[in-house]
Amino acid sequence: MRIGSERMKKTGELDGHSFARGAIVILAAALLLCILLSFLLGRYPVPFKELCGILKSKLLGLFGVESEVFWTAPMESAVWSVRLPRILLSVLVGACLSSAGAAYQSVFQNPMAAPDILGASAGAGFGAALAIFVGLPGRYITFAAFGMSLLTIALVFWISRHAKGEKVLGLILAGIMVSSLFQAGTSFIKLVADPNNKLPLITYWLMGSLSGAKWQDIGFVILPMAAGVLPLILLRWRFNVLAMGDDEARALGVDAQKVRLVAIICATLATAASVSVSGMIGWVGLVIPHMMRRIVGSDYRFLMPASVLGGGVFLLLVDNVSRNVSTSGIPIGILTAFVGAPFFLWLITSWGDRYEH
161 MRIGSERMKK
171 TGELDGHSFA
181 RGAIVILAAA
191 LLLCILLSFL
201 LGRYPVPFKE
211 LCGILKSKLL
221 GLFGVESEVF
231 WTAPMESAVW
241 SVRLPRILLS
251 VLVGACLSSA
261 GAAYQSVFQN
271 PMAAPDILGA
281 SAGAGFGAAL
291 AIFVGLPGRY
301 ITFAAFGMSL
311 LTIALVFWIS
321 RHAKGEKVLG
331 LILAGIMVSS
341 LFQAGTSFIK
351 LVADPNNKLP
361 LITYWLMGSL
371 SGAKWQDIGF
381 VILPMAAGVL
391 PLILLRWRFN
401 VLAMGDDEAR
411 ALGVDAQKVR
421 LVAIICATLA
431 TAASVSVSGM
441 IGWVGLVIPH
451 MMRRIVGSDY
461 RFLMPASVLG
471 GGVFLLLVDN
481 VSRNVSTSGI
491 PIGILTAFVG
501 APFFLWLITS
511 WGDRYEH
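So for the sequence shown, our numbering puts the first residue at 161; every next one is plus one.
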């Protein structure tokens, strides 16, 4: 009887793993489909045939192969210079924020942990607001946001090292304190900024937007994004061990403290890179990991890649709405809040009794 129950348990685990793998494949296919459909959305129409021709021409051009041109120059500019950078940046930012949120939720053993828990977003907001206030050009605003975000995290780590008591709790409290400090600094800059010129720019940046996405932005953030997300994917099985406690992790040969440190650094790097080019976009890192947990389960071997794909799909869909519902474009941070907050409320009220930490 005992052997039979163990066999049934193993069979159930295998079925669950097969379902999770299938869900990840479906998410990957959904992401590719969303990317393709996103090219067709916009105020300047680009037929599907011309779209395929432009993309094929650009790809073959990398190998020195020329293609017959049957599309107009404005079509090529709309696809290659406007839509493609924005689509790629939407996917990258969504993937980074979602994977960072999933990592923080494991490291801090807190389902409410989000990418801005240590103040990276608040620091980036202060850096961008300060750069706009002093009149720096657009590229330097991104540099300032990224640099100030990293400086914020360094300050949080320095404070937590000198904090008394449990280190993880000290890190969270330091993040809350430093985040509040930089939010106050941002508010002061908004107070003294020129209300006719600089204040609207600061406010719009803080609401989050991908409307000005350029290839230079992708080139600036792709390396820190990769340096943040790829280690999280490689360490995903160790996140399962963290849930067992430090003693059990040590028995399995895993240094829990080092894993937490690496995970925090990588998640923070991905968050800082994302916020520096997109502004303040909330809810992605909180909602998407919970949604993926409902689909693939709490096993981080499947949850982490599912969060990466799900975050990319979610933010791409939201950005498509942002750039098509109005001529000026709705800030994407507003839309993620409109979608994320009600969904999360439904999530915790409908499935709260089935939540597996």
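All C-beta atoms in this analysis are idealised placements derived from N, C-alpha and C, irrespective of residue type, glycine included.
Note that the coordinates shown come from a computational prediction; the quantities given were computed from them, not determined experimentally.
Alpha-carbon to alpha-carbon, residue j and residue i
| i | j | result |
| --- | --- | --- |
| residue 512 | residue 463 | Below a pLDDT of 50, predicted positions are generally treated as unreliable, and residue 512, at 48, falls in that range; the measurement from the model is reported next regardless. About 18 Å. |
| residue 516 | residue 458 | Caution is warranted here: a pLDDT of 46 is assigned to residue 516, below 50, making its placement in the model unreliable, and the coordinate value is therefore given only provisionally. If you take the alpha carbons of residue 516 and residue 458, they lie about 7 Å apart. |
| residue 293 | residue 262 | 34 Å |
| residue 342 | residue 204 | 40 Å |
| residue 188 | residue 389 | 16 Å |
| residue 339 | residue 272 | 16 Å |
| residue 126 | residue 276 | Since the first residue shown for the chain is 161 and the last is 517, residue 126 is missing from the structure and cannot be characterised. |
| residue 508 | residue 467 | 18 Å |
| residue 230 | residue 380 | 33 Å |
| residue 242 | residue 234 | 11 Å |
| residue 185 | residue 406 | 33 Å |
| residue 465 | residue 336 | 28 Å |
| residue 219 | residue 225 | 9 Å |
| residue 425 | residue 232 | 46 Å |
| residue 503 | residue 485 | 21 Å |
| residue 417 | residue 278 | 17 Å |
| residue 164 | residue 412 | Only weak support exists for where residue 164 lies, its pLDDT of 49 falling under 50; the value from the coordinates is given anyway. Using only the alpha carbons, I get a separation of about 28 Å. |
| residue 453 | residue 460 | 9 Å |
| residue 518 | residue 501 | Residue 518 lies beyond the range of the chain shown here (161 to 517); nothing can be said about it. |
| residue 222 | residue 387 | 25 Å |
| residue 355 | residue 506 | 39 Å |
| residue 383 | residue 192 | 22 Å |
| residue 299 | residue 408 | 47 Å |
| residue 332 | residue 347 | 22 Å |
| residue 284 | residue 327 | 24 Å |
| residue 360 | residue 177 | 49 Å |
8 Å Cβ cutoff met for residue i and residue j
| i | j | result |
| --- | --- | --- |
| residue 430 | residue 395 | no |
| residue 306 | residue 345 | no |
| residue 183 | residue 456 | yes |
| residue 437 | residue 249 | yes |
| residue 440 | residue 470 | no |
| residue 217 | residue 227 | yes |
| residue 190 | residue 473 | yes |
| residue 367 | residue 245 | no |
| residue 392 | residue 427 | yes |
| residue 254 | residue 444 | yes |
| residue 410 | residue 267 | no |
| residue 259 | residue 480 | no |
| residue 265 | residue 449 | yes |
| residue 256 | residue 385 | yes |
| residue 362 | residue 373 | no |
Close Cβ partners of residue i (< 8 Å) along its chain, the five nearest in sequence each way excluded
| i | result |
| --- | --- |
| residue 489 | 369, 371, 482, 483 |
| residue 195 | 247, 251, 476 |
| residue 200 | 206, 208, 211 |
| residue 377 | 245, 249, 302, 437 |
| residue 181 | 462 |
| residue 510 | none |
Nonlocal neighbours in the same chain, by C-beta distance under 7 Å from residue i, ignoring five residues either side
| i | result |
| --- | --- |
| residue 334 | 316, 319, 320, 323 |
| residue 290 | 304, 349 |
| residue 358 | 292, 293 |
| residue 288 | 301, 304, 305, 365 |
| residue 179 | none |
| residue 280 | 309, 312, 313, 428, 431, 432, 435 |
| residue 478 | 492, 495, 496, 499 |
| residue 240 | 214, 218 |
| residue 375 | 245 |
| residue 296 | 304 |
Contact set for residue i: own chain, Cβ-Cβ below 6 Å, skip 5 residues either direction
| i | result |
| --- | --- |
| residue 282 | 339, 342, 343 |
| residue 414 | 398, 401 |
| residue 329 | none |
heavy atom of the ligand GTP below 7 Å from residue i C-beta
| i | result |
| --- | --- |
| residue 480 | Ligands in the displayed structure: none, and consequently the ligand GTP is not present. |
Problem set entry | Uninterrupted alpha helix (DSSP H) stretches inside the segment 381 to 414 (no shorter than 4 residues) | 396 to 402, 406 to 411
For this session: Identify every run of the alpha helix (DSSP H) within the segment 267 to 327, keeping only runs that are complete inside it and at least 4 residues long; order them along the chain.
Result: 280 to 294, 298 to 321
Exercise. Which runs of the alpha helix (DSSP H) spanning at least 4 residues fall entirely within the segment 459 to 517, listed in chain order?
Worked result: 460 to 484, 492 to 511
For this session: Pick out the complete alpha helix (DSSP H) segments inside the segment 210 to 252, 4 residues or longer, and give them in chain order.
Result: 233 to 236
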